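Everything below concerns the one structure shown next.
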Amino acid sequence: MKKGIRLKIGMAALMLAALLPAGTGSSAAALTEVPYAMDSSNQAGWWTPLETYGTGLEYAYMAYNAPGSIESTHKVNIARRDGNGVWSNIPVMDGSKVAEFSDNVGHSQPSIARDGSGRFHVFASMHDTAWNYFRSDTAGGPPQNHSADMPTPASFKGTYPVLTTAPNGDVYLLIRSSEDAAGYRSGQLFRWDNEAAIWSKVAIIGSSLNRSFYPDDLVFDANGDLHILFEWSAFAASALRHELSYIKYSPSTGSFSKADGSAVSLPLKPGTADIIQPLAPTETYVQSGSDPGGPGVQSAKLAVNPAGSPVVAYRYREEGSSTFSVKYASYSSAGWNLQTAYSASETKAAIDITWAGSVPRVYYAKSSGTDRAYMAVPSGSGWTQTSIAPGRPIERLSVERNDKGIDILYFVDIMNRKLYYGRN
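Sequential numbering of the sequence shown, starting at 0, is according to numbering that gives the first Met the number 0.
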């Protein structure tokens, strides 16, 4: 199992002991600078740019924006680290040239998955646009433009594609659609059938008048069930979102349910899924191109524990606060339990979570300081913070727990235009 199949399930307690001294944290991670130039536009909070693979030798695939032909554009590439630690660069191709797009921070970044046949699937530069979908024609080969393969009308436009791979090698995609009727921006789930080599639409997950759906994460558990995390905003869009929500999809039965197993009907509307972070008394939906202030959610990621229960890390600005704290939510038979993992200073829209043995690891980035990338783990009645990239101004990140129980890190230093591979 792996989080490359988006399984962030912990390994044995022995591995935990090796990685987490005293069960509270770890020392700084081992980081390696990826030996390829990175564009300053390579930054997002929603993306899934990292894929891991291998039960023996460890492989990592890091989709990223490389510098374009001019400063305002970027080209899409995959940095590949093989099982011996050797790097190679795989271009994402649009015909005979490398795919190149205009910069659009927070919207034009790539997400990647590797299917059971070893083909890469990359969705890039999608901000209210037609499909920009690329797939390898051979195992491990450079992805080519296959946008025409997507099963939607020509009018389709999408934003925020997040990907994961199922235990059977299928690939799932969650994306926000802009092709809907006036006042709607829905969340749609698609499936790549690895054996048949074809895409199909599974369902419209959420759709509600005057609301926009924001995908956050997709994670499979060991039983083959898909855990889905998303947020809502005022239509048409807002930098501040609300009612962080969760549902589970069982491909074997085609059913959707809450964490307690109760069935839900699609398309969902606000309040009809599990609401992890309810609206605060003064929290309201506001349509705004910039942050309108007030309480709300901004970015979230998901993992599952060994029991198959969801655990969530997210950024939330409390009532009366001017900064986003880092929150942790776990589910049990008693319902959702919310904790604050960090709140001492402002954070960036960069967060992820894994499960290590018997504890969660919450990764986040501070907005300032010499050390910015941190990991929080439970310690007694509180949380312990560990700086894991000392001296490096990391502003964006993605993390996957690989088959060997090691957290593989995708760290972005925007200031110096560097991308780092790490192991923790």
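C-beta: ideal position from N, C-alpha, C; glycine also.
Bear in mind that the values here come from a model prediction, so they are computed numbers and not experimental data.
I'd like to know whether the C-beta atoms of D370 and G53 end up nearer to each other than 9 angstroms. Taking the sequence shown and counting its residues from 1, one reaches residue 370 at position 371. Taking the sequence shown and counting its residues from 1, one reaches residue 53 at position 54. In terms of Cβ geometry, D370 and G53 do not form a close pair [threshold 9 angstroms].
Just tell me which of T353, Q384, T383, I393 has its CA closest to the CA of A372. Within the sequence shown, the letter at position 373 stands for residue 372. Comparing Cα positions, the closest option is I393.
R118 and A98 look like a contact to me (Cβ under 8 angstroms); what is the Cβ gap, rounded to whole Å? Start at 1 with the first residue of the sequence shown, and residue 118 comes out as number 119. Start at 1 with the first residue of the sequence shown, and residue 98 comes out as number 99. A Cβ-Cβ separation of about 16 angstroms leaves R118 out of contact with A98 under the 8 angstroms criterion.
Extent of the continuous beta strand (DSSP E) run through K257: In the sequence shown, the residue the question calls residue 257 occupies position 258. For K257, no beta strand (DSSP E) run applies, since DSSP gives it neither H nor E.
Measuring CB to CB, does V325 end up less than 9 angstroms from T353? Within the sequence shown, numbered from 1, the residue matching residue 325 stands at position 326. Within the sequence shown, numbered from 1, the residue matching residue 353 stands at position 354. V325 places its beta carbon 9 angstroms or farther from that of T353.
For E399, which residues does DSSP report across the bridge? For the purposes of this step, residue 399 is taken as the residue at position 400 of the sequence shown. DSSP output for E399 lists I407 as bridge partner(s).
Pick from I350, V263, F234 that is closest to T283, judged by C-alpha positions: As a working mapping, residue 283 is identified with position 284 in the sequence shown. Answer by Cα proximity: F234.
Checking the sheet assignment: what are the DSSP bridge partners for S251? Locating residue 251 in the sequence shown gives position 252, where the first residue counts as 1. When beta bridges are read from the DSSP output, S251 appears opposite no residue.
Below 8 angstroms on the Cβ atoms is my guess for L162 versus F219; work out the distance and round it to an integer in Å. The residue labelled residue 162 in the question sits at position 163 within the sequence shown. The residue labelled residue 219 in the question sits at position 220 within the sequence shown. The pair is not a contact, with the Cβ atoms about 12 angstroms apart (cut-off 8 angstroms).
Indicate the three-state DSSP secondary structure (helix, strand or coil) for S211 in the structure shown. As a working note, residue 211 is residue 212 in the sequence shown. If DSSP states are grouped into helix, strand and coil, S211 belongs with the strands.
Considering only residues of the same chain and omitting the five flanking positions on each side of S444, which have a CB-CB separation below 6 angstroms? Absent from the model: residue 444. The displayed extent of the chain is 0 to 423, so no value can be given.
D216, buried or exposed, once every other Cβ within 10 Å from all chains shown has been counted against 16: Locating residue 216 in the sequence shown gives position 217, where the first residue counts as 1. D216 is buried by the Cβ-count criterion.
For V85, does the count of other Cβ atoms within 10 angstroms reach 16, so buried, or fall short, so exposed? Position 86 of the sequence shown, counted from the start, is the residue given in the question as residue 85. Around the beta carbon of V85, a 10 Å sphere encloses fewer than 16 other beta carbons of the protein chains shown; the residue is thus reported as exposed.
Would you check if the distance between the CB atom of W130 and the CB atom of G157 is smaller than 9 angstroms? In the sequence shown, counting from the first residue as 1, residue 130 sits at position 131. In the sequence shown, counting from the first residue as 1, residue 157 sits at position 158. Against a cut-off of 9 angstroms, the Cβ pair of G157 and W130 comes out as a contact.
Can you tell me which of Y60, G205, Q187 puts its alpha carbon nearest to the alpha carbon of E399? Here residue 399 refers to the residue found at position 400 of the sequence shown. Of Y60, G205, Q187, the residue nearest in Cα terms is Y60.
Could you give the distance in angstroms between the alpha-carbon of A302 and the alpha-carbon of H226? Here the question's residue 302 lines up with position 303 in the sequence shown. Here the question's residue 226 lines up with position 227 in the sequence shown. The straight-line gap separating the alpha-carbon atoms of A302 and H226 is approximately 8 angstroms.
Range covered by the beta strand (DSSP E) that runs through L172: Here residue 172 refers to the residue found at position 173 of the sequence shown. Annotation for L172: the continuous beta strand (DSSP E) segment containing it runs 170-176.
At 3 residues or longer, and completely inside the region 313-359: list those beta strand (DSSP E) runs for me, N to C. If we require 3 residues or more, the beta strand (DSSP E) runs fully inside the region 313-359 come out as 324-331, 334-341, 346-355.
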